[in-house]
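S.K.: Residue numbers (full-length UniProt numbering), protein chains in the order written: chain A, 1 to 108; chain B, 1 to 133. Idealized CB from N, CA, C, for every residue including glycine. Owing to the predicted nature of the structure, the values given are computational and were not obtained by experimental measurement.
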Amino acid sequence: MFGAFRASGVSQGGLLWKARMKMDLSPTQKANIRKRLKAADDVVMKIEQSGVQCNALTKLQAEPTEAQMPAMDKYTVFSRTFKGYRKSVHKVPHFSKVAIPRTAPAGF
Amino acid sequence: MSSVSRILATARPTLFSSVRAYSTSSAASEASTAAASSATEAAASSATGYYKVTQTRSLIGVPKSTIKVLKSLGLGRRIGRPVFQPHAPTAAGKILKVKELVKVENMSGTIPAEGYQRTRATKGYKVVGKMLP
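Listed below in structure tokens is the structure:
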């Protein structure tokens with residue numbers, strides 16, 4: 001591109017994208033997302049079984065479990081800036097450790 | 001809610017004792033008993049016990065508010081080292097805040113005197129005396 005230089009991420013301005021630019025996730029990534037959702041559900045279930053009541057539990061009981069979520073809600077999140085208003089969940093920083101919304105706004 | 005989630009929500013009845021479809025194997029038996037008794041108290045564990053909370057993920061990249069809650073639970077030092085918390089709304093709320101980083105078990109009885117469970121094997125011998133002072 002620039003004469004003798006081989007066009008690479010580094011030579012084209014220094015911004016190196018290591019994550020795939022694609023929206024789709026591999027089967028392993030999806031399996032791990034489901035595993036983590038089930039693990040979070042398990043924590044909520046154990047708190048329910050203990051009989052303790054608190055506001056946080058009431059709010060979480062209104063959320064769907066992994067079995068009740070459609071695939072689109074598991075692997076994508078709402079985003080106002082992306083085309084289609086949905087982006088892949090792996091684009092959310094630290095998505096494997098941070099609470100991801102389980103439902104999107106109505107219509108998205 | 002997304003349109004698909006809303007269709008699912010209307011199909012689900014909205015009771016206080018949740019009818020969430022848990023996919024873990026221990027939930028399958030619990031779901032039937034909970035539905036029959038229609039109370040969250042009718043569970044396998046006793047009424048007053050404690051939670052055994054174990055951290056499963058590292059704190060790196062976690063928001064500071066969540067780290068504070070994790071440390072107030074007694075976690076944050078080593079992954080896999082369990083901590084005991086009483087069956088109380090304060091502890092329950094904290095555990096739910098950090099639910100992506102921990103796993104929980106319900107235990108019956110009183111909280112053990114030792115802060116955390118020893119994870120090493122027993123020595124196999126008992127020291128009865130020492131030659132040197």
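#1: Could you pull out every residue in the same chain whose Cβ sits closer than 8 Å to the Cβ of A/Leu57, ignoring the five residues on either side in sequence?
#2: Please report the distance separating the alpha-carbon of B/Glu30 from that of B/Leu70.
#3: Would you say A/Val77 reaches chain B, if we count a Cβ-Cβ gap shorter than 8 Å as a contact?
#4: Give me the Cα-Cα distance between B/Arg77 and B/Lys99, rounded to the nearest whole angstrom.
#5: Can you say whether B/Thr122 is buried or exposed, counting buried as having 16 or more other CB atoms within 10 angstroms of its CB?
#6: Considering only C-alpha positions, which residue in the set B/Met131, B/Arg20, B/Lys52 is nearest to B/Ala91?
#7: Kindly identify the DSSP beta-bridge partner or partners of B/Met107.
#8: Work out the CA separation of B/Arg20 and A/Met72 for me, nearest whole Å.
#9: Assign A/Thr28 to one of three DSSP states: helix, strand, or coil.
#10: Which chain A residues sit within Cβ distance under 8 Å of B/Ala88?
M.R.: Taking the coordinates as given:
#1: Excluding positions up to five away in sequence, the list reads Val44, Ile47, Glu48.
#2: Residue confidence for B/Glu30 is low, a pLDDT of 47 falling below 50, so the modelled location carries little weight and cannot support an answer.
#3: No, no contact with chain B.
#4: Their backbone Cα atoms lie some 17 Å apart in a straight line.
#5: Counting Cβ neighbours within 10 Å, B/Thr122 comes out exposed, since fewer than 16 surround it.
#6: Of B/Met131, B/Arg20, B/Lys52, the residue nearest in Cα terms is B/Lys52.
#7: Answer is B/Tyr50, bridged to B/Met107.
#8: So the alpha carbons of these two residues sit roughly 19 Å apart.
#9: Three-state DSSP puts A/Thr28 in a helix.
#10: By Cβ distance, chain A contributes Val52.
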